[in-house]
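Down below is the structure, laid out as C-alpha cells.
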Amino acid sequence: MSSSSPAFCISSFLLITFSLICETVQAQNTRLLPQEEKDALKEIGEQLGKKDWDFNLNPCDGSTNWTTPGTDDLSVYVSNVTCNCSAPDGFCHVQTM
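Here it is, written out as C-alpha cells:
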C-alpha cells in the first residue's frame, strides 16, 4: 500500500481521528474543580455534617462517595454532587447537589 493510495489515506485519517477522540475523553476525565469550588464544597459538607465526601478524590469523576443513590424511588435524601466538565476554561464546575 503506497502512501498516496486512498486506503492508506482513509486509514491514516481514521487513526488520527480515533487518537484525538481518546485524548479528548482522557482530558475531560482528568479535569478538576477550581480550588474555590472545592473549598466551598468542604464548607457546605461541614455545615451539613457530611462525613462521606472524600476531598482527596475528584468529585467530578463519578467516584461513589460523591454520588450516593437513594434507597428507593421515594427517597428524599439523595447525596449527589454532579459536575459539568464542558466549560471552556479547562475546569469542571459543580452543576447540582
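Throughout the sequence shown, residue numbering follows mature numbering (1 follows the signal peptide of the UniProt record, and there is no 0), covering -27 to -1, 1 to 70 in sequence. Ideal Cβ positions, reconstructed from N, Cα and C, are used throughout, including at glycine. Nothing here was measured: the structure is a model prediction, and the numbers come from that model.
I'd like to confirm the pairing. Which residues does DSSP put opposite residue i in its beta bridges?
i     : result
Cys56 : Val67
On the premise that residue j lies in contact with residue i, defined as a C-beta separation below 8 Å, what is that separation, rounded to the nearest angstrom?
i     : j     : result
Asn31 : Leu14 : Their Cβ separation, rounded to whole angstroms, is 12 Å, which puts Asn31 and Leu14 out of contact at 8 Å.
What first and last residue would you give for the alpha helix (DSSP H) that runs through residue i?
i     : result
Asp27 : Run containing Asp27: none; DSSP gives neither H nor E here.
Leu14 : 8 to 21
Could you check which residue in the options has the C-alpha nearest to that of residue i?
i     : options                       : result
Asp62 : Asp12, Pro7, Ser52, Ser(-17)  : Pro7
Thr40 : Cys33, Asn53, Asp34           : Asn53
Asp34 : Phe64, Leu21, Ile(-12)        : Phe64
Cys56 : Ile17, Lys11, Ser(-23), Asn29 : Lys11
His66 : Ile(-18), Glu9, Lys23         : Glu9
Met70 : Cys58, Phe(-20), Phe28, Ile17 : Ile17
DSSP state of residue i, grouped into three classes?
i        : result
Ser(-17) : helix
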